[in-house]
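Reviewing the structure listed below.
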């Protein structure tokens, strides 16, 4: 068959070529045709016409490697774990290329119902699960075409044209603008795009855009001008941008009451690396350097029945006012 994709060859010439190559033990015409049909089912070749007028040609799709067709058992387990947990973290074309590996992994794990090694491997998928902290909120839906356009623009570093509903505006009408994707962040049930736009003076402005608020997204062919100094890990973990409206570090002092036999969460899951605990009757006092933010306030309000803010005084007053307001709603 011609090596160049799309270049056709007649059935008769193709069959004759195969039989000539294997002259010592030439396969029959029917055997060759069955092999070609299987390749057509796999998308490796295509055909057109009937009987003697039929022609065949090679496609761009490559035949799966032996590793893809039959991965080792350990790799098969890893591949199926990847398939379950990483769809939001890989470009669409990479996921598409991995489909052959996923099929091969399922084939390996399903080969022998009685093999104890395979039984243990098959059972692994039901022995691990990931849950988010707090009440299990449902992930808002994201259209496949929007997610694929965003992943493609992020992978190829191209300009993304978007129509986006900003919840902080009074109107529901989407705003249209162009951004350059910098990273995807999965925060609990919500997926965010971190993107930037360059202003006229050359500085970059960064955005956190929730994917479920996109009305449309188009990956253009225009190369994107990304912020050369941007570091996603620094942006998310060090600057704590996703704590929402961070206002800077504070020294937080709490009184935590333990009125029952259950040790408080803050003893094992710390608020900061420099956290200090001082035991006292009925609980403990806690000191830690933390980022003042919406997320911190929500945490303190969530646990207000057992956690009292001692300082800073301004935060203590703010939390107290929120609790008084909430109490009035329940009067």
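Residue numbers (our numbering): 413 to 743.
We put the CB at the ideal spot given by N, CA and C, even for glycine.
Leaving out five residues on either side along the sequence, give the residues of the same chain with a beta carbon under 6 Å from the beta carbon of residue 566. What you label residue 566 is simply residue 154 of the chain shown in a count that begins at 1. Beyond the five residues adjoining it in sequence on each side, residue 566 comes within less than 6 Å, by CB distance, of 593 in the same chain, given in chain order.
>> Assuming residue 646 is part of the alpha helix (DSSP H), what are its boundary residues?
In response: Along the chain shown, one-based indexing puts residue 646 at 234. No alpha helix (DSSP H) holds residue 646; DSSP gives it neither H nor E.
field: Close-in-space but distant-in-sequence residues of the same chain around residue 638 (CB under 7 Å, 5 per side omitted)
entry: Within the chain shown, the letter at position 226 stands for residue 638. Excluding residues within five positions, the ones whose Cβ falls inside 7 Å are 569, 592, 594 and 608.
Next on the checklist: I'd like to know whether the C-beta of residue 701 is nearer than 8 Å to at least one C-beta of chain D.
Outcome noted: You won't find chain D in this structure, because it holds only one protein chain.
Does the separation of the CB atoms of residue 479 and residue 520 fall below 8 Å?
Here residue 479 refers to the residue found at position 67 of the chain shown. Here residue 520 refers to the residue found at position 108 of the chain shown. Their beta carbons are not under 8 Å apart, which means residue 479 does not touch residue 520 by this criterion.
- Would you check if the stretch 493-508 and the stretch 450-470 touch, i.e. whether three or more CB-CB distances between them fall below 8 Å? Counting C-beta pairs with one atom in each stretch, the stretch 450-470 and the stretch 493-508 have fewer than three that are closer than 8 Å, which means they do not touch.
For the stretch 697-713 against the stretch 660-668, are there 3 or more C-beta pairs whose distance is under 8 Å? They touch, by the three-pair rule.
Three CB pairs or more closer than 8 Å across the stretch 615-631 and the stretch 570-585
The stretch 615-631 makes contact with the stretch 570-585, as at least three CB pairs between them are under 8 Å.
Next item on the list: Could you pull out every residue in the same chain whose Cβ sits closer than 8 Å to the Cβ of residue 620, ignoring the five residues on either side in sequence?
Entry: The sequence position of residue 620 within the chain shown is 208, counting from 1. Shown here for residue 620: same chain residues with a beta carbon closer than 8 Å to its own, the five before and five after excluded, namely 597, 604, 605, 606, 653 and 654 in chain order.
Would you check if the distance between the CB atom of residue 720 and the CB atom of residue 666 is smaller than 8 Å? As a position in the chain shown, residue 720 is number 308, starting the count at 1. As a position in the chain shown, residue 666 is number 254, starting the count at 1. Cβ atoms of residue 720 and residue 666: closer than 8 Å.
task: Output yes or no for whether 8 Å exceeds the beta carbon distance between residue 503 and residue 563.
output: In the chain shown, counting from the first residue as 1, residue 503 sits at position 91. In the chain shown, counting from the first residue as 1, residue 563 sits at position 151. In this structure, residue 503 places its C-beta atom within 8 Å of the C-beta atom of residue 563.
Would you list the residues sitting across from residue 696 in a DSSP beta bridge? Position 284 of the chain shown, counting from 1, holds the residue named residue 696. Note: residue 696 sits in a beta bridge opposite 668 and 691.
Helix, strand or coil for residue 659? Go by DSSP, reduced to three states. By 1-based counting over the chain shown, the position of residue 659 is 247. If DSSP states are grouped into helix, strand and coil, residue 659 belongs with coil.
Task: Secondary structure of residue 468, DSSP reduced to three states - done: Stepping through the chain shown from its first residue, residue 468 is reached at position 56. Residue 468 falls in the strand class under three-state DSSP.
Check this for me: beta carbons of residue 571 and residue 512, under 8 Å apart or not? Counting from one through the chain shown, the residue named residue 571 turns up at place 159. Counting from one through the chain shown, the residue named residue 512 turns up at place 100. Not a contact, by the Cβ cut-off of 8 Å.
Assuming residue 728 and residue 735 make a contact with CB atoms under 8 Å, what is their CB distance in whole Å? Working through the chain shown from its first residue, we reach residue 728 at position 316. Working through the chain shown from its first residue, we reach residue 735 at position 323. The pair is not a contact, with the Cβ atoms about 11 Å apart (cut-off 8 Å).
Practice problem: Between the Cα of residue 622 and those of 732, 434, 724 and 552, spot the shortest distance and give me the residue it belongs to. | Solution: Position 210 of the chain shown, counting from 1, holds the residue named residue 622. Put simply, of 732, 434, 724 and 552 the residue whose alpha carbon is nearest the alpha carbon of residue 622 is 552.
Can you tell me whether residue 468 is buried or exposed? The criterion is at least 16 other CB atoms within 10 Å of its CB, across all chains shown. Within the chain shown, the letter at position 56 stands for residue 468. By the 10 Å Cβ count, residue 468 comes out buried.
Check your understanding: Residue range of the alpha helix (DSSP H) that residue 558 falls in?
Key -> Residue mapping note: residue 558 aligns to position 146 of the chain shown, counting from 1. Unbroken alpha helix (DSSP H) run through residue 558: 556-568.
What number of angstroms, rounded off, separates the C-alpha of residue 473 from the C-alpha of residue 481? Working through the chain shown from its first residue, we reach residue 473 at position 61. Working through the chain shown from its first residue, we reach residue 481 at position 69. C-alpha separation (whole angstroms): 15 Å.
Practice prompt. Using three-state DSSP, classify residue 723 as helix, strand or coil.
Written response: In the chain shown, residue 723 corresponds to position 311, counting from 1. Residue 723 falls in the strand class under three-state DSSP.
Open item on the list: On the DSSP bridge list, what partners appear for residue 703?
Closed with: Walking along the chain shown from the start, residue 703 turns up at place 291. Beta-bridge pairing links residue 703 to 661.
Tell me the DSSP bridge mates of residue 629? Residue numbering aside, residue 629 sits at position 217 when the chain shown is read from its first letter. Beta-bridge analysis with DSSP links residue 629 to 574.
Exercise. With distances taken Cα to Cα, identify the nearest neighbour of residue 539 among 455, 546 and 531.
Key: For the purposes of this step, residue 539 is identified with residue 127 of the chain shown, where counting begins at 1. Comparing Cα-Cα distances from residue 539 to each of 455, 546 and 531, the minimum goes to 531.
Exercise. Of all the options 641, 487, 434 and 599, which has the alpha carbon lying nearest to the alpha carbon of residue 616?
Worked result: Position 204 of the chain shown, counting from 1, holds the residue named residue 616. Answer by Cα proximity: 641.
**Study point:** Reduced DSSP secondary structure (H/G/I, E/B, other) of residue 526
**Key:** Taking the chain shown and counting its residues from 1, one reaches residue 526 at position 114. In the displayed model, residue 526 falls within coil according to three-state DSSP, outside both helix and strand.
Please report the distance separating the alpha-carbon of residue 555 from that of residue 741. Translated into the one-based positions of the chain shown, residue 555 becomes position 143. Translated into the one-based positions of the chain shown, residue 741 becomes position 329. About 38 Å.
Ignore the nearest five residues each way along the sequence and tell me which others in residue 718's own chain have a CB closer than 7 Å to its CB.
-> In the chain shown, residue 718 corresponds to position 306, counting from 1. The beta carbon of residue 718 lies closer than 7 Å to those of 668, 669 and 676 in the same chain, with the five residues before and after it left out.
### Query
What is the residue span of the alpha helix (DSSP H) that residue 452 lies within?
Stepping through the chain shown from its first residue, residue 452 is reached at position 40. Where residue 452 is concerned, the enclosing alpha helix (DSSP H) stretches over 441-453.
C-alpha distance - residue 460 paired with residue 420, whole-angstrom precision: For the purposes of this step, residue 460 is taken as the residue at position 48 of the chain shown. For the purposes of this step, residue 420 is taken as the residue at position 8 of the chain shown. One C-alpha to the other measures close to 9 Å.
If you measure from the CB of residue 739, is any heavy atom of the ligand NAP nearer than 7 Å? With respect to the ligand NAP, the structure offers nothing, as it holds no ligand at all.
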